[in-house]
Structure formats: C-alpha cells, structure tokens
Amino acid sequence: MPLKYLILISLFFLLHPSGALSATDNVAMPLTSQNLFHIFEKSYVSGREIPYEEASAAMDKLIEEGYRLLSSLHASSMSLNIEKLKNLTDLEIKICGRASSEKRLASKALNFIYKVRTQVVHASKAWEMDNDVRNALYKVLNSGRLASEELLLRLDGLRVPPLVRLREVGSSTPAATVQGIKVHSGDILISRGGGLASLLIARGSARPGKFSGSAIIYVNEATGETLVLSADPYSGTFKTSLGDYLQKSGYGAILLRPDPDNLWLAEDPLLPHKAASFILNKLESALISYDHQMDWKDSAQLYPEEMLLMAYESVGISLWPHRESLYPSGLLRWLDSMGVSNLNLLSPSDLEYDRNFIPLVEWFNMETLQNERLTMAVLDALLYTADMGAELGYSYDEVPLSFVAKVWSILDSYRGKQPSVPDGISSFEALKIWTLSEKVLPLLREEVKNASHWFKGQNGREANYLELQEFAAKAIHKRRSDLKWLLKTYEAEAPGHLK
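With this note's numbering as the guide, the letters of the sequence shown map in order to residues 43 to 541.
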C-alpha cells in the first residue's frame with residue numbers, strides 16, 4: 043500500500059477518540075414475563091405428578107374452557123371484556139405447560155394455540171381498538187407463541203412439521219402454487235431473522251416481537267412467475283424466489299393475506315396485486331439502495347417495511363395505523379450509533395396483530411429455534427445494559443482495518459460488486475455493528491449455551507427463556523473484562539439472584 047495512504051489511515055486512527063470502554067462490576071436486567079414462566083413451570087410440574095389419563099382429561103377441560111372464552115369474544119362484538127383476554131392468556135400458558143410434561147398431549151395444545159392466534163385477531167375486527175385493547179391482544183398472541191415454543195423445546199424428539207396451515211382464505215389476485223402453498227399477488231411475508239439493527243428493533247420496541255423482516259409477493263397474471271420483493275443492507279432492494287427468501291429468513295416466517303371482508307377489497311379485489319405491481323415497477327425502474335436510517339418518510343432509499351408501506355399506500359391503503367416511537371433510551375443510542383436516526387419505526391411484528399390481514403401459513407425451523415432463543419436472550423440482556431448507560435464500542439486495534447474495508451467497499455460499489463461494508467453507513471458504524479454481531483454476541487451465546495447444557499443436566503429439562511435471560515446477565519458480569527470495548531461505565535444494582 044502506498045505510504046501516503048498508510049499515513050492518512052494512521053492519522054485517522056490517532057485523531058479519533060478511543061473505542062476502548064470500561065464496565066462496572068454489576069450487571070442487571072429486567073425479568074420480563076415472570077408470570078408467564080411461573081404459570082408454565084407450575085403447570086409442567088403438576089402434569090408430571092399425575093398419570094397420563096388424568097393429565098389428558100384435565101387438558102381437555104382447560105381447552106374446553108378456552109374455546110368457551112373464544113366464543114364469548116366473538117359474541118361480545120363492540121364491547122370487549124379485556125379480562126377475558128387475560129384469562130385466555132393464562133389458559134394458553136397452562137395448556138402448553140401441561141402438554142410439555144407429556145409428549146402425547148402436544149398436538150392438542152398446539153392446535154389450540156393456532157386456533158387462538160387466528161380467531162382472536164378475527165374477533166378483534168369488531169372491537170374499538172384503544173391502547174388497552176391493543177396491549178391485551180398483543181399479550182394473548184405473544185404469550186401463546188412464547189408458551190408454544192417452550193413446549194416444542196421442552197419435548198425432546200417431538201416431530202414437528204416445517205410448516206403449519208393456520209387458515210384457508212381466498213383472493214381474487216393472480217395466484218401460483220409454490221412448495222405446495224398457494225400464494226397470491228399482494229400477500230405479505232414477515233420473517234424471523236434479518237440484520238442486527240432489525241433484531242434490536244424487534245426486541246426493543248414497545249411490544250417486543252419475534253419478527254424482524256418483511257416482504258411482499260408478486261405473481262405475474264400471465265406467466266404465474268412468483269417473486270418475493272424485499273431489501274437487505276448489502277443488496278439494497280431485490281427480487282427473489284419464495285424458497286430463497288425462506289432459506290434466508292433462517293428462523294421462520296408467516297404468510298399474511300388481506301382479509302376478504304375488508305371494505306376496500308369489496309370495491310376493488312385486485313388492490314393487493316396493484317400494490318405489488320407498483321413496488322415491482324419501482325424496483326425495476328432504478329437501483330434502490332437500502333435505507334439504513336430507516337426513514338419511511340423518505341423514499342429515495344428503502345427498507346423492507348417501507349416497501350410494504352409504499353406499496354399499499356399507492357392504492358390508498360395505510361398499513362401500521364398505530365405507529366409508535368421507540369422509547370428505551372439505551373436502544374435509541376445504540377441504533378443512532380449504527381446509523382439509524384429515525385425513531386418512529388415500522389415493526390414487522392405489528393403486522394401479525396393487524397386486523398386487516400389473516401395469517402395463513404407459518405414456517406419454522408426446529409433446528410434453529412434454540413439458536414434463536416439464545417441470541418434473543420443475549421440481546422435482551424444487552425439491551426438492559428444499554429438502558430443502564432452502556433454504549434456500543436469497538437476494539438481500538440480494529441479501526442485502521444475498518445477504514446480500509448470501507449474504502450474498498452466504496453470501490454466495489456463503483457465496480458458494481460456487493461460491498462463488504464454496506465453503502466450508507468460509516469466505517470465506525472460498521473465497526474460497532476461488526477463488534478457486536480461477530481465478537482460480543484458469539485462470546486455471550488457460548489456462555490449461555492454452556493450454562494443451558496449444565497442446567498439441563500441438573501434439572502432434566504431445557505432452561506426456559508427467562509432462565510436463559512438470567513444466564514445472559516450472569517455471562518455479561520462474568521466476561522465484563524473481555525467486553526470493555528462494548529460496555530461503557532454505567533451504574534446498576536443486580537437483583538439478588540443474579541449476584
């Protein structure tokens with residue numbers, strides 16, 4: 043490398059403030075969903091103490107009670123009794139906890155959870171949706187997902203199909219059958235996986251969810267060609283097949299379709315296809331880069347949820363009617379240091395609770411489910427340290443290399459190649475993201491994984507998600523000297539059980 047470039051890089055390195063950070067001894071985190079896991083474990087233990095026939099009869103009574111509650115929600119029309127949703131949430135957890143003690147009960151429990159997921163959203167179409175109702179609706183669906191995944195992981199050797207058909211709903215838009223699933227133009231996919239910033243947003247939003255990516259499906263009415271339209275930080279906007287998109291999603295996805303009962307579909311049944319056609323034409327007319335700032339008000343660059351918003355707004359339909367700003371101070375600082383400046387973001391998980399869409403199919407990967415739980419538990423613990431004042435940092439020695447990588451990436455972009463550092467973020471933003479995803483997360487994940495294996499050996503069961511969060515908090519405390527580039531000084535008193 044020419045000497046003048048080495049001198050410039052060295053000056054850049056010396057003049058920039060150090061990325062080395064320090065940490066205090068105590069690391070704490072919020073114990074989220076404590077009641078959920080208390081109910082789950084209590085039901086699990088009680089199920090192990092009785093014979094199968096008695097456990098099965100008790101399960102049938104719980105499910106029967108749950109279906110009565112579901113029926114009363116449909117009947118309640120405009121006047122919603124939020125207490126019924128709370129009772130339904132508790133029942134979901136009890137049923138999954140009971141089934142986790144006996145493999146033969148699993149299918150009954152899962153079928154009930156799937157029914158709740160579809161019927162509650164459908165019933166909510168008749169409700170006046172204020173904040174209390176949204177929170178109760180979110181808790182029912184999110185608790186059912188958490189409890190059912192605890193059930194799946196608790197039962198070793200349980201055979202679970204890679205997809206679940208939740209409902210059958212027709213559409214007038216062009217259709218194609220892909221991998222045995224009939225998809226229609228204008229259908230939406232929300233996926234589990236995605237970039238680090240998306241995962242942080244999914245976990246740190248007002249209503250934390252599992253989904254961090256999204257896409258819209260286009261089907262050519264003449265040829266049946268099916269395209270999934272989305273965006274990622276490296277490729278910008280892109281077109282791909284359903285199979286490739288699902289493989290890239292890694293942890294799973296849900297197929298959503300506009301509810302045929304929507305008034306706007308009665309007026310024009312082809313509106314979803316027109317929305318998908320609009321965004322396809324936009325993608326084909328110009329090369330559009332990824333919107334790292336996630337500013338959905340500026341369409342010069344796009345991120346996946348912004349594409350969906352734009353597609354349906356082009357036909358007069360507004361998605362995300364209740365947009366809420368991110369509020370945890372630590373998350374906001376971390377996202378800002380990653381180049382995300384917009385605080386009023388569109389969360390993919392919100393679409394799962396959107397009354398205008400119906401969940402049809404869910405794909406999930408049992409092989410990666412535990413890995414996702416480990417990652418999410420570590421992120422939850424790290425987000426708590428962020429709220430306590432921790433800042434994203436980097437290793438001092440890595441600065442020159444990151445600067446060179448950014449320069450090389452700019453040259454790759456000019457040559458039409460995929461850059462190693464995405465366009466739109468600086469070398470320091472990229473270095474912080476890389477440090478968190480490639481150094482900090484793997485280090486803490488390995489600690490939590492080891493603790494989880496030890497726990498299973500001692501207790502004869504998988505650790506639940508709350509316990510994984512506690513392992514992650516302890517891992518941060520244990521490895522604090524190795525994490526000095528990540529955790530800036532903050533004050534936090536660890537709860538007694540974490541000391």
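No residue lacks a Cβ here, since even glycine has one placed at the ideal position from N, Cα and C.
Exercise for the section: Could you tell me the distance, in whole angstroms, from the CA atom of Leu269 to the CA atom of His80? Expected result: 44 Å
Exercise for the section: Locate the alpha helix (DSSP H) running through Glu414, then write down its first and last residues. Expected result: Met408 to Asp429
Exercise for the section: Assign Gly212 to one of two classes, buried (16 or more other C-beta atoms within 10 Å of its C-beta) or exposed (fewer than that). Expected result: exposed
Problem - N- and C-terminal bounds of the beta strand (DSSP E) containing Leu220 - result: Sequence check: residue 220 is Val here, not Leu. Element bounds for Val220: Ala217 to Val220.
Problem - Secondary structure, alpha helix (DSSP H): runs of 4+ residues fully inside the stretch 299-352 - result: 305-309 and 313-327
Practice task
Would you give the residue range spanned by the beta strand (DSSP E) that Thr265 belongs to?
Solution key: Premise fails: Thr265 is in no beta strand (DSSP E) and is neither H nor E.
Practice task
Determine contact between the stretch 200-207 and the stretch 245-261, defined as no fewer than three beta-carbon pairs at a distance below 8 Å.
Solution key: no
Practice task
Just tell me which of Ile232, Gly285, Asp286 and Thr215 has its CA closest to the CA of Val261.
Solution key: Thr215
Problem - Reduced DSSP secondary structure (H/G/I, E/B, other) of Lys252 - result: coil
Practice task
On a CA-only basis, which of Tyr109, Glu191 and Lys145 is nearest Asn129? Give me that one, please.
Solution key: Tyr109
Practice task
Inspect the beta-carbon positions of Gly372 and Ala432 and report whether they are closer than 8 Å.
Solution key: yes
Exercise for the section: Look at the Cβ atom of Leu147, then the Cβ atom of Ser98, and state whether they are nearer than 8 Å. Expected result: yes
Handout entry: Given Pro363 as reference, the closest of Gly294, Ser379, Tyr293 and Pro390 once Cα atoms are compared
Key = Pro390
Practice task
Identify, in the order they occur along the chain, each residue of the same chain with its Cβ nearer than 8 Å to the Cβ of Ala317, setting aside the five sequence neighbours on each side.
Solution key: Gly228, Ile258, Ala353, Tyr354, Ser356, Val357 and Ile359
Handout entry: Contained alpha helix (DSSP H) runs [length at least 4] in the stretch 79-124, N- to C-terminal order
Key = 94-117
Exercise for the section: Taking all protein chains shown into account, decide if Arg234 is buried (16 or more other Cβ within 10 angstroms of its Cβ) or exposed. Expected result: buried
Problem - Environment of Ala65 [buried if 16+ CB atoms lie within 10 Å] - result: Annotation note: pLDDT 32 at Ala65 (below 50); position unreliable, coordinate value reported separately. Counting Cβ neighbours within 10 Å, Ala65 comes out buried, since at least 16 surround it.
Handout entry: Spatial distance of Leu271 from Thr282 (CA atoms)
Key = 7 Å
Exercise for the section: Figure out for me which residue from Ser113, Tyr332 and Lys150 has the closest Cα to the Cα of Val163. Expected result: Ser113
Handout entry: Trp450 (DSSP reduced to helix, strand or coil)
Key = Low confidence applies to Trp450: its pLDDT is 47, below 50, so where it sits in the model is not reliable enough to give any reading.
Practice task
Would you mind giving the Cβ-Cβ distance between Leu486 and Ile518, rounded to the nearest angstrom? I have them listed as a contact below 8 Å.
Solution key: 7 Å
Handout entry: Ser185 and Leu78 closer than 8 Å at C-beta
Key = yes
Practice task
Count the other C-beta atoms from every protein chain shown that fall within 10 angstroms of the C-beta of Gly266, then say buried if there are 16 or more, exposed otherwise.
Solution key: exposed
Exercise for the section: Could you tell me if His334 is buried or exposed, where buried requires 16 or more neighbouring beta carbons within 10 angstroms of its beta carbon? Expected result: buried
Practice task
Pick helix, strand or coil for Pro72, following the three-state DSSP scheme.
Solution key: Here Pro72 scores only 40 on pLDDT, less than 50, and its place in the model is too uncertain to base an answer on.
Exercise for the section: Answer yes or no: do Ala344 and Thr410 have a C-beta to C-beta separation smaller than 8 Å? Expected result: First, the amino acid is wrong: residue 344 is Leu here, not Ala. No, the Cβ-Cβ distance between Leu344 and Thr410 is not below 8 Å.
Practice task
From the DSSP output, in three-state form, read off Gly212 for me.
Solution key: coil
Problem - Best match in Arg209, Arg176, Pro302 and Ala151 for proximity to Ser190 [C-alpha to C-alpha] - result: Ala151
Handout entry: Cβ-based neighbour list, Tyr395, same chain, cut-off 7 Å, excluding 5 preceding and 5 following
Key = Val163, Leu179, Tyr180 and Leu183
Problem - Sequence-distant residues of the same chain with beta carbon closer than 6 Å to Met336, five excluded per side - result: Tyr345, Val382, Asn384 and Leu387
Practice task
Kindly indicate which residue of Ala218, Glu83, Lys290 and Met349 has the alpha-carbon position closest to the one of Phe406.
Solution key: Lys290
Handout entry: Beta-carbon proximity of Leu322 to Tyr287, cut-off 8 Å
Key = no
Exercise for the section: With a threshold of 16 other CB atoms inside 10 Å of the CB of Lys516, please say whether the residue is buried or exposed. Expected result: buried
Handout entry: Cβ distance (whole Å) where Ile137 is taken to contact Met101 below 8 Å
Key = 7 Å
Exercise for the section: Measure the alpha-carbon distance for Met380 versus Glu347 and round it to whole angstroms. Expected result: 18 Å
Handout entry: Helix, strand or coil at Lys520 according to DSSP, with G and I counted as helix
Key = helix
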